[in-house]
Structures are given as C-alpha cells and as structure tokens.
Amino acid sequence: MSVSQTVRTVDWLGACRRAAAAIRAQLEAPQTSSERLAETGTIGGGGDRTLVLDAAAEDAVFAELDRLHADGLDFVAVSEERGEIPFGAEPDEPHVRVVIDPIDGSLNAKRGLPHHALSIAVADGPTMADVAFGYVFDFGPGEEWSAWRGEGACLDGEPLRERPMERRSADGRLEMLAVESADPRHLHRAGDMADVARRLRVLGAIAVSLCQVAAGRVDGMASLWRCRAVDAAAAQLIVREAGGLVAFPAFDDPLGAPLDLEPHSPVIAALSESALAQLSVVPVPLAPR
Ligand SMILES: [Mg+2]
820 MSVSQTVRTV
830 DWLGACRRAA
840 AAIRAQLEAP
850 QTSSERLAET
860 GTIGGGGDRT
870 LVLDAAAEDA
880 VFAELDRLHA
890 DGLDFVAVSE
900 ERGEIPFGAE
910 PDEPHVRVVI
920 DPIDGSLNAK
930 RGLPHHALSI
940 AVADGPTMAD
950 VAFGYVFDFG
960 PGEEWSAWRG
970 EGACLDGEPL
980 RERPMERRSA
990 DGRLEMLAVE
1000 SADPRHLHRA
1010 GDMADVARRL
1020 RVLGAIAVSL
1030 CQVAAGRVDG
1040 MASLWRCRAV
1050 DAAAAQLIVR
1060 EAGGLVAFPA
1070 FDDPLGAPLD
1080 LEPHSPVIAA
1090 LSESALAQLS
1100 VVPVPLAPR
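Following this line, the structure appears as structure tokens:
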C-alpha cells in the first residue's frame, strides 16, 4: 500500500478528537495561575521554554499516537516539544508524517487569553503540499476546524460550503488582516501592510489566525516572521480546502516548505490571487537554506 493510501486507512479525526478532549480536560481542571505558569525547565524541540501544560498536552497526543502504532501504523511524529520521533518508520524512506503543535498559542493558554489550539497535520510526503489531513481545535471558543485534502474543510463537523468572500474597503485595501508576531521587533513589518490592509488583528496563535481566513472572518493572514511547520501545517490545508490560498514565500514552490522543526518562511494566506501577491511583497528576511 502506498503512503498516501495508508494515510486514508486511519480515523485521524477520531484520534484528534480524543486528544483534544483530553487536553481540554487538562486545561479546564482547576488550577492556580502559578500552576498554569509552571515550566518543566526544558526547551522544546521548537525552541520555546516548555510549560507544564504544553508537556501534558503533548502526552495526550502521544497517547493517541502510541495507540495507532500499537494497531500497526508506522509513521514519523514531528512535535513542538519532543522533536522528530520515528514510530517504526524510517525517516529516510517515504512515510506518513504527523506534525503536531500540542498547544499553538501556549502563552495565551498560560495567561488565560482565549485563542490557543491543538494543531495536528498528517502528510504523505515531506512538504506542506503533501498534507492530507489537518485538524485545529481552538480551545477558547471551542471550535473544531478540519479538512481532508480534496474534500473541503469543516467547522465543528459541518462542511464550509460557501467559498469565503474577500472584503475590501472603498480605497481597495483588505478590510481586515490577521497578523502574527510573538516579538515586537517584527511588528514594524505590519507598517508595510498600510497599503494592503485597513485593519489588523493579532490573535496570538498562527493556526487559529489561518483558520479565520478559511471562514472569511478576515481577508488574509500574514506572519511577520518565519513560522514553523508545527504551527501552520494543519491550518494551511484547512484554508486551501475552504477555497483560500496559502504561500510560504521563502520557497519558489509556494507550498514547498518542509514539515520539520525549523522556522523557514513566513506564511501568508488570502482569498484572492491579487491579495496573496500583495501580502508576498512584505519583506521578511529569509532563513539561509
Ligand atoms: Mg505550542
């Protein structure tokens, strides 16, 4: 069986829902703010300081992965905190790749701000174009975003049937653009968006911001710095399956960004080719490749 056929044999939605429910229970368990703020003292595979809640959330996802592997599925997991872990698959051979951010926006979770999400992407190859299934559960509003490649996107299990409409103000600028940047030193690039967008929103979680494009709640999304695959892999499929457009401008092939742990390229999403082109010109220094 080919890797792409193997991906389709698994109930990924069910596995993701069980992981999301377990994480939600952890997040809703009564705890003091100092417990919420506790750190494990390690640095995750993605380079952030690992919070206790990140580590516990990752354990919940890996419990599902252990179960899938015990049932006979071989794959490679790429996770924000634990890094790249083979589950019976050879990383050098074609394999199923599961790309996980147990909590995207964990600083929001830590501080009690609403948007923070589980993000899981399942791929049959090494790049964004190869993502076959994407799942994002936003714990703030309790929204579930999912997509299978070629089958459209769903919100809370219902297909997003209407292609999201781009809204522009009278002067031609996008009405609302989501931007993401954890570091204020990158925010000056938002100033370069003045000719492109009329209003900005910063939610604090790349996966969640991208999903807002899928529903047409914003007219585009741009990360103002290079993002990692764990943050964007699932949501970029959800946007594309909803009828939107996504690019990783550091790569000649717009979906050529690899599914690894390095921050390679900004991610941009839009609802029209012209808006995507406008967002592509905002300069972000590209990582050496
Ligand atoms: Mg995270």
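Residues in the sequence shown are numbered consecutively from 820, following my numbering. Where is the CB? At the ideal position from N, CA and C, for every residue including glycine. Predicted model, so just to flag it, every value in this text is computed and none were measured.
Nearest neighbour of residue i, chosen from the options [CA to CA]
{"i": "A840", "options": "G1062, I922, C1030 and L1078", "result": "I922"}
{"i": "A1054", "options": "L1078, L1029 and L1043", "result": "L1029"}
{"i": "L1090", "options": "A1069, P1077 and G1035", "result": "G1035"}
{"i": "A997", "options": "G944, P849, L1019 and F952", "result": "L1019"}
{"i": "H888", "options": "G976, A875, E877 and V915", "result": "V915"}
{"i": "D1014", "options": "G991, L1006, P910 and A1026", "result": "G991"}
{"i": "W967", "options": "V822, L832 and T825", "result": "L832"}
{"i": "V829", "options": "D890, V871, Q845 and I842", "result": "D890"}
{"i": "F956", "options": "I1087, D1079, S1099 and C835", "result": "C835"}
{"i": "G1063", "options": "E1081, G959 and R982", "result": "R982"}
{"i": "A1048", "options": "D911, L932, D949 and A848", "result": "D949"}
{"i": "L1098", "options": "P978, V826, R843 and A1009", "result": "A1009"}
{"i": "Q824", "options": "F1070, G944 and P910", "result": "G944"}
{"i": "A1024", "options": "E999, G1075, F1070 and P978", "result": "E999"}
{"i": "A951", "options": "A1033, E1092 and R827", "result": "R827"}
{"i": "L979", "options": "R1059, E1092 and F881", "result": "R1059"}
{"i": "D1011", "options": "V1100, A875, P849 and I842", "result": "V1100"}
{"i": "D1079", "options": "C1046, D1071 and E1092", "result": "C1046"}
{"i": "A1016", "options": "I842, V1037, Q1031 and A848", "result": "V1037"}
Residue range of the alpha helix (DSSP H) that includes residue i
{"i": "R843", "result": "W831 to E847"}
{"i": "F881", "result": "V871 to A889"}
{"i": "D920", "result": "Segment R916 to D923 is the beta strand (DSSP E) holding D920; no alpha helix (DSSP H) there."}
{"i": "S938", "result": "Premise fails: S938 lies in the beta strand (DSSP E), A936 to A942, not in any alpha helix (DSSP H)."}
{"i": "V1086", "result": "Where V1086 is concerned, there is no enclosing alpha helix (DSSP H), given that its DSSP letter is neither H nor E."}
{"i": "E1092", "result": "E1092 to S1099"}
{"i": "E1060", "result": "A1048 to E1060"}
{"i": "G1010", "result": "H1007 to G1010"}
{"i": "L1029", "result": "I1025 to A1033"}
{"i": "R1004", "result": "Where R1004 is concerned, there is no enclosing alpha helix (DSSP H), given that its DSSP letter is neither H nor E."}
N-terminal and C-terminal residue of the beta strand (DSSP E) that residue i is part of
{"i": "C973", "result": "A972 to L974"}
{"i": "L996", "result": "L993 to E999"}
{"i": "F1017", "result": "It is Arg, not Phe, that sits at residue 1017 in the sequence shown. Note, R1017: beta strand (DSSP E), A1016 to R1020."}
{"i": "A896", "result": "F894 to S898"}
{"i": "D957", "result": "V950 to D957"}
{"i": "S1042", "result": "G1039 to S1042"}
{"i": "S965", "result": "E962 to W967"}
{"i": "V1065", "result": "L1064 to A1066"}
{"i": "G931", "result": "Run containing G931: none; DSSP gives neither H nor E here."}
{"i": "E903", "result": "G902 to F906"}
Residue i to residue j span [Cα, whole Å]
{"i": "A1041", "j": "R837", "result": "31 angstroms"}
{"i": "V1039", "j": "G961", "result": "What sits at residue 1039 in the sequence shown is Gly, not Val. Between G1039 and G961, the C-alpha separation is close to 22 angstroms."}
{"i": "H1083", "j": "W1044", "result": "9 angstroms"}
{"i": "G969", "j": "S898", "result": "25 angstroms"}
{"i": "M995", "j": "P1068", "result": "21 angstroms"}
{"i": "A1094", "j": "D893", "result": "40 angstroms"}
{"i": "K929", "j": "M820", "result": "43 angstroms"}
{"i": "A908", "j": "G902", "result": "15 angstroms"}
{"i": "R886", "j": "A879", "result": "11 angstroms"}
{"i": "E963", "j": "A940", "result": "14 angstroms"}
{"i": "P910", "j": "V1027", "result": "29 angstroms"}
{"i": "D920", "j": "D1050", "result": "6 angstroms"}
{"i": "L1074", "j": "A844", "result": "35 angstroms"}
{"i": "R986", "j": "L993", "result": "6 angstroms"}
{"i": "L974", "j": "S965", "result": "7 angstroms"}
{"i": "E977", "j": "M984", "result": "18 angstroms"}
{"i": "G953", "j": "A896", "result": "14 angstroms"}
{"i": "A848", "j": "A875", "result": "12 angstroms"}
Near ligand 1: residue i beta-carbon under 6 angstroms from a heavy atom
{"i": "I922", "result": "yes"}
{"i": "E899", "result": "yes"}
{"i": "S823", "result": "no"}
{"i": "S925", "result": "yes"}
CB of residue i within 7 angstroms of CB of residue j, strictly
{"i": "T946", "j": "P1085", "result": "no"}
{"i": "V918", "j": "A1001", "result": "no"}
{"i": "L1022", "j": "H935", "result": "no"}
{"i": "D873", "j": "S925", "result": "yes"}
{"i": "A972", "j": "I1057", "result": "yes"}
{"i": "E883", "j": "E900", "result": "no"}
{"i": "V822", "j": "P905", "result": "no"}
{"i": "A1061", "j": "A1033", "result": "yes"}
{"i": "A1096", "j": "V1065", "result": "no"}
{"i": "F958", "j": "L870", "result": "no"}
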